[in-house]
Structure formats: C-alpha cells, structure tokens
Amino acid sequence: MKKVLIAYVSRTGNTEKMAEYIAEGVRMGGHDATLMKVSDIKNAKELSGFDGFIFGCPTYHKDMTTGMKQFLFLAEKANLTGKIGGAFGSHTHSGESAPMIFETMQYVFKMDTLDLGALNLTEAKIATAEGAKACQQYGKALSEKFK
Ligand SMILES: Cc1cc2nc3c(=O)[nH]c(=O)nc-3n(C[C@H](O)[C@H](O)[C@H](O)COP(=O)(O)O)c2cc1C
Numbered sequence: 002m003k004k005v006l007i008a009y010v011s012r013t014g015n016t017e018k019m020a021e022y023i024a025e026g027v028r029m030g031g032h033d034a035t036l037m038k039v040s041d042i043k044n045a046k047e048l049s050g051f052d053g054f055i056f057g058c059p060t061y062h063k064d065m066t067t068g069m070k071q072f073l074f075l076a077e078k079a080n081l082t083g084k085i086g087g088a089f090g091s092h093t094h095s096g097e098s099a100p101m102i103f104e105t106m107q108y109v110f111k112m113d114t115l116d117l118g119a120l121n122l123t124e125a126k127i128a129t130a131e132g133a134k135a136c137q138q139y140g141k142a143l144s145e146k147f148k
C-alpha cells in the first residue's frame with residue numbers, strides 16, 4: 002500500500018471538501034491517504050515517507066494564497082522529483098490556483114504528474130453528486146499510477 006499526502010488550504014471549506022472526496026478516491030484505489038492543512042506542515046521532513054502528493058488551494062484574487070506559496074517553497078526542499086503528483090482547487094469564475102500549483106509540480110519539482118492535469122471545480126459543482134464523484138475519480142486516478 003502506497004502513502005499519499007493531500008495537503009491543502011481552505012478558507013471557507015470548499016477546497017477542504019474536495020480534499021476529503023479525493024482522499025476517498027485514493028482509498029478506493031487501495032492506497033493510504035493522509036489529509037493535512039499546509040499551515041500545519043512546518044518543515045520539509047514532514048513530506049518524507051509519502052509516495053504521492055496532491056496539493057490543493059482555492060483561488061483568491063486570481064492567485065493561490067500566500068500560505069500555499071510558502072508551502073511550495075518548503076516542498077521544494079523535500080526533493081519530490083519523480084514522485085506522483087496532482088493538484089486541485091475550488092473557485093467561482095477564474096480558477097488560476099490549481100493549474101499554477103500543478104505546473105509548479107510538473108515543471109519545477111519535476112514530479113510524475115497526472116495526465117488529467119489539475120482538478121479545478123467551481124464551488125457550485127463541489128456541492129453536487131457529480132462534483133463529489135469528479136474528486137473521487139481524481140484520487141482514484143492518482144492511485145492507479147502506482148500500478
Ligand atoms: C475576496 C474573494 C476573492 C475571490 N477571488 C476569486 C478569483 O479571483 N477567482 C475565482 O475563481 N474565485 C474567486 N473567489 C471565490 C473562491 O475561490 C471560492 O469561494 C472558493 O470556493 C473558496 O474556497 P475555500 O472555501 O476552500 O476557501 C474569491 C472569493 C473571495 C471571498
């Protein structure tokens with residue numbers, strides 16, 4: 002069984018809901034999922050021991066949050082090269098955050114990122130059964146990359 006860390010930011014709970022559904026998908030795929038808020042991760046050593054990483058952040062002011070930016074500098078020190086990775090986020094209209102995180106994972110950290118790209122859902126979609134399923138499928142797709 003592989004270990005997946007889902008590290009996220011959420012101000013009003015929408016991205017957190019996505020994180021929980023994605024964790025369900027990872028578990029459906031037969032692997033272990035750990036959920037953590039990035040504000041609780043204090044050093045790069047806390048990222049060791051995981052085989053896959055899914056980072057999530059909502060879009061505020063057409064950007065990811067300062068907390069997520071600081072976390073990505075911390076993650077840079079963890080040497081995630083070649084590790085399986087995905088990214089997600091909630092938004093209402095523009096949704097810049099998730100694709101920016103995904104690109105950092107792909108091009109800067111040189112991770113083995115999901116072919117699906119980032120999972121970028123509107124908050125209205127997250128509240129539906131379809132939104133929940135999209136998150137579960139994303140977690141499951143990441144799990145399937147371990148085969
Ligand atoms: C002050 C403010 C600015 C926002 N800016 C954007 C934005 O630029 N683009 C966008 O798509 N959504 C924007 N949103 C909507 C949030 O991304 C959306 O509510 C999201 O679901 C919040 O996720 P969270 O509950 O995980 O914090 C903004 C929301 C607020 C309150």
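So the numbering used here is basically just the index in the sequence shown, starting at one, shifted up by 1. Virtual Cβ for every residue (Gly too), placed ideally from N, Cα, C. Since the model is a prediction, treat every value here as computed from it, not as a measurement.
Does DSSP put residue i in a helix, in a strand, or in coil?
i    : result
D116 : coil
I23  : helix
G30  : coil
F56  : strand
N121 : strand
Does the distance between the C-beta of residue i and the nearest non-hydrogen atom of ligand 1 fall short of 7 angstroms?
i    : result
K63  : yes
S1   : It is not possible to answer for residue 1, since the shown part of the chain is limited to 2 through 148.
S95  : yes
G14  : yes
S11  : yes
P59  : yes
E131 : no
E21  : no
E17  : yes
E124 : yes
State the start and end residues of the unbroken alpha helix (DSSP H) segment that holds residue i.
i    : result
M101 : S98 to E104
I127 : E124 to I127
A76  : T67 to E77
Residue i lies in the beta strand (DSSP E); which residues open and close that run?
i    : result
A34  : D33 to K38
S144 : First-last for S144: A130 to E145, but that is the alpha helix (DSSP H), not the beta strand (DSSP E).
V5   : K4 to Y9
A88  : I85 to H92
Would you check if the region 70 to 79 and the region 15 to 29 touch, i.e. whether three or more CB-CB distances between them fall below 8 angstroms?
With the cut-off at 8 angstroms, the region 15 to 29 and the region 70 to 79 do not touch.
Any contact of the region 93 to 102 with the region 54 to 66, i.e. 3+ C-beta pairs under 8 angstroms?
Look at the beta carbons and you see the region 93 to 102 touching the region 54 to 66: at least three pairs across the two are nearer than 8 angstroms.
Can you confirm whether the region 106 to 116 touches the region 85 to 95 when touching is taken to mean that 3 or more C-beta pairs between the two stretches lie within less than 8 angstroms?
Cβ pair count under 8 angstroms is three or more, so yes.
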